[in-house]
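Notes for the one structure printed next.
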Amino acid sequence: RALMTRLRAEPDPAQRYPAAVARLRALIDGDPASTLSDSIDRLLERVALSTSEGIEVAPDRINLLTLHSTKGLEFSRVYIVGVEDYQIPGLRETKENRQAEIEEARRLLYVGMTRARERLVLTRVERRFGMEAGGSGFLDEMGLTAGTDVGAGSFPGARPL
Numbered sequence: 169r170a171l172m173t174r175l176r177a178e179p180d181p182a183q184r185y186p187a188a189v190a191r192l193r194a195l196i197d198g199d200p201a202s203t204l205s206d207s208i209d210r211l212l213e214r215v216a217l218s219t220s221e222g223i224e225v226a227p228d229r230i231n232l233l234t235l236h237s238t239k240g241l242e243f244s245r246v247y248i249v250g251v252e253d254y255q256i257p258g259l260r261e262t263k264e265n266r267q268a269e270i271e272e273a274r275r276l277l278y279v280g281m282t283r284a285r286e287r288l289v290l291t292r293v294e295r296r297f298g299m300e301a302g303g304s305g306f307l308d309e310m311g312l313t314a315g316t317d318v319g320a321g322s323f324p325g326a327r328p329l
């Protein structure tokens, strides 16, 4: 995601990151004639439409999945990290007020949360890159506002959401 953010911010990323741009285009559809922005949008759309089909989950392992790929799966414990503004929903969707994508992020978070059978843990940072980071607005909508969480981690400075 960080690479995509950097590529979008570059005035001409194809000149600065030719190998990354070529790989991204090849991953999406092999069409070198499309623009970088179109390619990134198609990649994000494909990821959003992907399903859990073909994912092997093992009860004796930690399964690291995207929210997109959890549909139809259940786990004893689910940990969702980065439940903060500009992460869920993303910076691009929020800044550009893309309502359809914000709704999709809300739906994906809900899907991820409902995958937990016994325990759900939502995490966020207090500061990201030296800037204060607030919890996702979706937490407020669900009544999970600051200070209402059951507990915090055991590391120094940890506090409830």
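The numbering used here puts the first residue of the sequence shown at 169, with every later residue one more than the last.
Glycine residues also receive a C-beta, built at the ideal position from the N, C-alpha and C atoms.
Which term fits Glu252, buried or exposed, when burial requires 16 or more other beta carbons within 10 angstroms of its beta carbon?
buried
Just the C-alpha distance for Gly303 and Glu242, rounded to the nearest angstrom, thanks.
25 Å
Assuming contact is defined by CB atoms lying nearer than 8 Å, are Glu294 and Ala301 in contact in what I supplied?
yes
Determine the direct distance from the alpha carbon of Arg245 to that of Thr173, and round the result to whole angstroms.
31 Å
Assuming Leu277 contacts Leu233 (C-beta within less than 8 Å), just tell me the rounded distance between them.
The Cβ separation is near 14 Å, so there is no contact.
Backbone CA spacing between Asp228 and Tyr247 [nearest angstrom]:
16 Å
Using only CA atoms, which one of Gly250, Leu290, Arg275 lies nearest to Arg296?
Gly250
So, is Arg275 buried or exposed, given that buried needs 16 or more other C-beta atoms within 10 angstroms?
exposed
Helix, strand or coil, according to DSSP, for Arg275 in the structure here?
helix
Thinking just about the alpha-carbon of each residue, which of Leu290, Gly298, Glu178 is nearest to the one in Met310?
Leu290
Limits of the unbroken beta strand (DSSP E) element including Glu286:
284-290
Quick check on the DSSP output: the beta strand (DSSP E) that includes Arg245 runs from which residue to which?
243-248
Burial state of Gln267, where buried means 16 or more other Cβ atoms lie within 10 Å
exposed
Please go through the same chain and pick out, in chain order, the residues whose beta-carbon is closer than 7 Å to the beta-carbon of Gly305, but skip the five residues on each side of it.
Asp253
For Leu259 and Ile230, what's the separation of their Cα atoms in angstroms?
28 Å
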